[in-house]
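All remarks here apply to the structure that follows.
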Amino acid sequence: MKIEIQNQGFSAEINSLGAELTRLDQNNFNYIWTVDKAFWDKTSPVLFPVVGKLKNDSYTIDDGLFSLSRHGFARDFDFEVHQKTENSVTFSLRENPQTLLHYPFAFELQIGYTLLQNTLVIEYFITNNAAGKMPFSIGAHPAFTIDGAFEDYALVFENDQELLRHELENGLFSGKTSAILLQDKTLPLHYSLFEKDALVFKKLKSKYLTILKNNNPFLKVTFGNFPSLGIWTKPDAPFLCIEPWQGYADAADANGAIFEKEGILVLDQGQTYKASFAIEML
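Residues 817 to 1098, numbered by our numbering, are exactly what the sequence shown covers, in order.
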C-alpha cells in the first residue's frame, strides 16, 4: 500500500512494505531514484535490527545461534499505518513469529515521515517490549536521483576537511582505513570511489552534508543523532545513497556475540530510543 503526504507543493510517497520512501517530489521532480532492477531493487530500505553484514550472517546470545541477513528484516515486512495526517504518516512494526526466529525480542519500531515546507523529516522510535535488555541498530538507506553525469555532483560536509574511511571486504570491515582529503570540505564524486564497496565513516565532525549539482545546492541531508554514515552507489548507476547509521557491519574478526558487537545499542526493558534525520530539497 502506497501512502502519500503533501505540503505546499511538495509531496512524498511511502510504501507500507518496509515503510520505504519511494518518492520525494518538488515540481514533478522525484529526488528519490526510480527503481531499475538492473542496478538495484530498492529506493530507501529501513535497516533494522542490524546495519550491514554480520559475520557468517549470524550472531550469538549466550549459547543460542541466530541467523540474520544483511541490514536485518524490517524492509521485508508490511508495516501498519499508525497515524496519518495530510503532511505526515507514522508506520509501526512489531515482532511476529517470523521475526522471533531470527531476533528473539518483543519490540515496536515506529517510523514517522513529516513534510515541513521543503524538508522531509524521518523519525525512528524503537521500544523494547521484551523482558530484559534488547540489542539493536537502526539505519537509513535513501537513494537519491543522479540526473545526468555522476561527475557533475559533489558532497560538501559541514565541518570535515578529512574523512577516515573504514574499508570493507566481502561486506565486513577488514581492519584497514584510509584517509580521504577534501577540497574545502568538498568531495567530488566519481564512480572509482566505490570500487571497494561503500564509503563508511564511523565518526564525523559534520552533522549534515549538501549534495551539489554543477556546483549548485541540490539536496541537504542532516544526520541528527546518527554518528555514522555510509555513502554508496553501483558502477554507472543513476543514484547515490546517503545513509545515516547507528551501528554498522561486523569486523572480519568479530566473535559473533551480539551484545559485544561494535556500535550496537542496547535498550532496557520498556525503554524507547529515538533518532531522526532530514532531507531538504534545495
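For every residue, glycine included, the Cβ atom is placed at its ideal position computed from N, Cα and C. Please read these numbers as outputs of a predicted model, since none were measured by experiment.
Residue range of the alpha helix (DSSP H) that includes residue i
i, result
"residue 914", "913–918"
Residue i: first and last residue of the uninterrupted beta strand (DSSP E) it sits in
i, result
"residue 982", "978–985"
"residue 998", "Careful: residue 998 lies outside any beta strand (DSSP E) and carries neither H nor E."
"residue 1044", "1044–1048"
"residue 953", "It is not in any beta strand (DSSP E) - residue 953 carries neither H nor E in the DSSP assignment."
"residue 1010", "First-last for residue 1010: undefined, no H or E at that position."
"residue 1080", "Where residue 1080 is concerned, there is no enclosing beta strand (DSSP E), given that its DSSP letter is neither H nor E."
"residue 841", "836–842"
"residue 1094", "1088–1097"
"residue 760", "Outside the displayed range of the chain (817 to 1098) lies residue 760, so it cannot be described from this structure."
"residue 1071", "First-last for residue 1071: undefined, no H or E at that position."
"residue 966", "Premise fails: residue 966 is in no beta strand (DSSP E) and is neither H nor E."
"residue 828", "826–831"
"residue 1034", "1032–1038"
"residue 1025", "1024–1029"
"residue 928", "923–932"
"residue 939", "935–944"
"residue 823", "818–823"
"residue 1056", "1055–1062"
"residue 909", "904–910"
Cβ-Cβ separation, residue j to residue i (assumed contact under 8 Å), whole Å
i, j, result
"residue 1062", "residue 944", "Wrong, their Cβ atoms sit about 15 Å apart, outside the cutoff."
"residue 828", "residue 929", "6 Å"
"residue 889", "residue 918", "6 Å"
"residue 906", "residue 927", "7 Å"
"residue 961", "residue 1033", "Actually they are not in contact, since the Cβ atoms of residue 961 and residue 1033 sit about 15 Å apart, beyond 8 Å."
"residue 842", "residue 947", "Not quite, the Cβ-Cβ distance comes to about 46 Å (not below 8 Å), so this is no contact."
Proximity of residue i and residue j at Cβ, strictly below 7 Å
i, j, result
"residue 1047", "residue 1035", "no"
"residue 1022", "residue 1096", "no"
"residue 862", "residue 1064", "no"
"residue 1081", "residue 921", "no"
"residue 1051", "residue 1089", "no"
"residue 957", "residue 1078", "no"
"residue 1038", "residue 959", "no"
"residue 869", "residue 891", "no"
"residue 931", "residue 971", "no"
"residue 1000", "residue 871", "no"
"residue 864", "residue 936", "no"
"residue 1075", "residue 934", "no"
"residue 994", "residue 1018", "no"
"residue 1049", "residue 1010", "yes"
"residue 981", "residue 1020", "no"
"residue 950", "residue 837", "no"
"residue 895", "residue 832", "yes"
"residue 997", "residue 978", "yes"
"residue 1040", "residue 875", "no"
"residue 830", "residue 840", "no"
"residue 940", "residue 835", "no"
"residue 898", "residue 908", "yes"
"residue 1012", "residue 983", "yes"
> Quick one: complete beta strand (DSSP E) runs, 3+ long, within the region 844–901?
Replying inline: 874–877, 880–883 and 896–900
> Below 8 Å, can you find three or more Cβ-Cβ pairs linking the region 965–973 to the region 986–993?
Replying inline: no
> Quick one: any contact between the region 820–831 and the region 862–882, if contact means 3 or more CB pairs under 8 Å?
Replying inline: no
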